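If you use our numbering, the sequence shown corresponds to residues 1145 to 1484, in order. Heads up, the beta-carbon is just placed ideally off N, CA and C, and yes, glycines get one too. Please read all numbers here as calculations on a predicted model, not as lab measurements.
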Amino acid sequence: MNVLLLYFSGTGITRYYSSLIEEEFKKRGHNCQTLDIEELTDLPLLWQRRPVALSYTIRAESRRPLSKFPWPYYDLPMALKYAREIPEFNILKSDWSRYDLIGFGSPVYAFRPAPVMIRFMLDLPRFEKEIPVFSFATHDGAQGDFEAFMKLSLAKKGLNHIGHLDQSFIYSAAAVMRSKMNHVKSGKLLIKKSEAARNKIAHFIERIESDPVGRVVPFRARDILSKIIGIPYRFFYSYGIDFMLNYTLFGFGINKEDCVQCMTCVRQCPQGLIELDKDDYPIRYYHCMYCLRCLNWCPTNALYFSPTTQGKARFPGPEILLEAAERYDEKHKRKKNSNS
Ligand SMILES: Cc1cc2nc3c(=O)[nH]c(=O)nc-3n(C[C@H](O)[C@H](O)[C@H](O)COP(=O)(O)O)c2cc1C
Ligand code: SF4
Ligand code: SF4
1145 MNVLLLYFSG TGITRYYSSL IEEEFKKRGH NCQTLDIEEL TDLPLLWQRR
1195 PVALSYTIRA ESRRPLSKFP WPYYDLPMAL KYAREIPEFN ILKSDWSRYD
1245 LIGFGSPVYA FRPAPVMIRF MLDLPRFEKE IPVFSFATHD GAQGDFEAFM
1295 KLSLAKKGLN HIGHLDQSFI YSAAAVMRSK MNHVKSGKLL IKKSEAARNK
1345 IAHFIERIES DPVGRVVPFR ARDILSKIIG IPYRFFYSYG IDFMLNYTLF
1395 GFGINKEDCV QCMTCVRQCP QGLIELDKDD YPIRYYHCMY CLRCLNWCPT
1445 NALYFSPTTQ GKARFPGPEI LLEAAERYDE KHKRKKNSNS
């Protein structure tokens, strides 16, 4: 099989998940290529021409407007309803009809796909043949309508959605509200979750190999107890995340004395929403999708979204966490060897 994986990743977890999927396809003798949609297209330009946003951002913009200018956000259902080909907007020229299977991946934001991923999918040209496609997500246990939105968006391009893969790894959004983040502990958690992810991926690919166009039945825990425990967990999340997004994460503040004007935040914003003010300090005039990349990647921790994120931990990305866990294990192995 010739497989393509297209993904968006805010802080690196979905990118890491794509690499695990790619690894498994290759292990089983398939061709597999992974592409970050930000390398394929000018994502900020694509998004700014027809901005689509999650309802929490739209709610925030009406409750606490950051700008005096109206911003023509579409919410996800509206973007799907009014999705249509506009050739002059179509900056995605690639036709991937040569692939036998395509995966589309995104983090879950407020129970839905990242708005920039939806924009990307809706702006794809219609494919010449009906290719089987699947969606994949990384999240923290509460996917909500994610799969349904991916399926609807892909159907607009005439693609045949055959299944969905997902994995909960680490809740990157929680890091920015904690005073510290233990890299070794998080790295070990990531390693443990990766094992579960690999098993799930292998099962998923096996099903596709046996019937490449048939619907893949998702691999879910059958344990009744875990299902019962899952009910309050999901309930907590649906309210917890909504509360967090609406009351603790919104805004854009900068400690000017800490900013070294390196432009990292400006370059990293997938929605192209960070600009420089008259004194060359970053400013964001509108609410964004809150992927947290600018906050996490600022080298001097000068940015904050609300008082709850000021001076708090940052999520460094999966590679740094994995490296910390490996280094810790190596050190302990050496210590053990020298003692014995
Ligand atoms: C703004 C925001 C909203 C989120 N909403 C949800 C959610 O509704 N459900 C969930 O399970 N995880 C949620 N998460 C967690 C992310 O889906 C998870 O950390 C994901 O793996 C991040 O992937 P990335 O590093 O590729 O961006 C949210 C994270 C952020 C930043
Ligand atoms: S990334 Fe941080 S230091 Fe660099 S310009 Fe942005 S706020 Fe300033
Ligand atoms: S402003 Fe920051 S959090 Fe918002 S979309 Fe841009 S990079 Fe992500």
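Exposed or buried, which one is residue i when buried takes at least 16 other CB atoms within 10 Å?
i       : result
THR1444 : exposed
LYS1225 : exposed
LYS1485 : The chain is shown from 1145 up to 1484; residue 1485 falls before or after that span and cannot be answered.
GLY1249 : buried
GLY1302 : exposed
TYR1218 : buried
VAL1404 : exposed
HIS1431 : buried
LYS1344 : buried
ALA1365 : Its pLDDT being 49, under 50, ALA1365 is placed unreliably by the model, and nothing is read from it.
Would you check whether ligand 1 has a heavy atom nearer than 7 Å to the C-beta of residue i?
i       : result
ASP1284 : yes
GLY1455 : no
PHE1313 : yes
ALA1254 : yes
GLY1331 : no
ARG1263 : no
ARG1193 : no
GLY1288 : yes
PRO1251 : yes
ARG1242 : no
Could you pull out every residue in the same chain whose Cβ sits closer than 6 Å to the Cβ of residue i, ignoring the five residues on either side in sequence?
i       : result
LEU1148 : GLN1177, TRP1240, TYR1243, ILE1246
GLY1285 : SER1312
ALA1204 : PHE1394, HIS1431
SER1211 : TYR1429, TYR1430
ARG1270 : LYS1301, GLY1302
SER1153 : ARG1159
Shorter than 7 Å, the distance from the beta carbon of residue i to the closest heavy atom of ligand 2, or not?
i       : result
VAL1320 : no
PRO1188 : no
MET1407 : yes
CYS1176 : no
PRO1443 : yes
PRO1426 : yes
LEU1334 : no
ALA1446 : yes
ILE1398 : yes
Cutting at 7 Å between CB atoms, please list the residues of its own chain near residue i, excluding the five before and the five after it.
i       : result
SER1163 : THR1178
LEU1333 : ILE1314
SER1338 : LEU1164
ASN1146 : ASN1175, ARG1242, TYR1243, ASP1244
Within the 8 Å Cβ cut-off, does residue i reach chain B?
i       : result
GLY1397 : As a matter of chain content, chain B is missing from the structure shown, which is built from one protein chain.
Return yes when the C-beta of residue i is under 7 Å from any heavy atom of ligand 5, and no when it is not.
i       : result
GLY1156 : Looking for ligand 5 in the displayed structure turns up nothing; the ligands present are ligand 1, ligand 2 and ligand 3.
Subject >> Sequence-ordered residues whose beta carbon comes within less than 7 Å of a heavy atom of ligand 3 >> reply: GLY1154, PHE1396, CYS1409, GLN1412, CYS1413, PRO1414, GLN1415, LEU1417, ILE1418, ARG1428, CYS1432, MET1433, TYR1434, CYS1435, LEU1436, ARG1437, CYS1438, LEU1439
Original post:
Is there contact here, the stretch 1279-1289 with the stretch 1185-1197, by at least three beta-carbon pairs under 8 Å?
Top reply: no
Original post:
Does the count of Cβ pairs from the stretch 1409-1425 and the stretch 1448-1463 closer than 8 Å reach three?
Top reply: no
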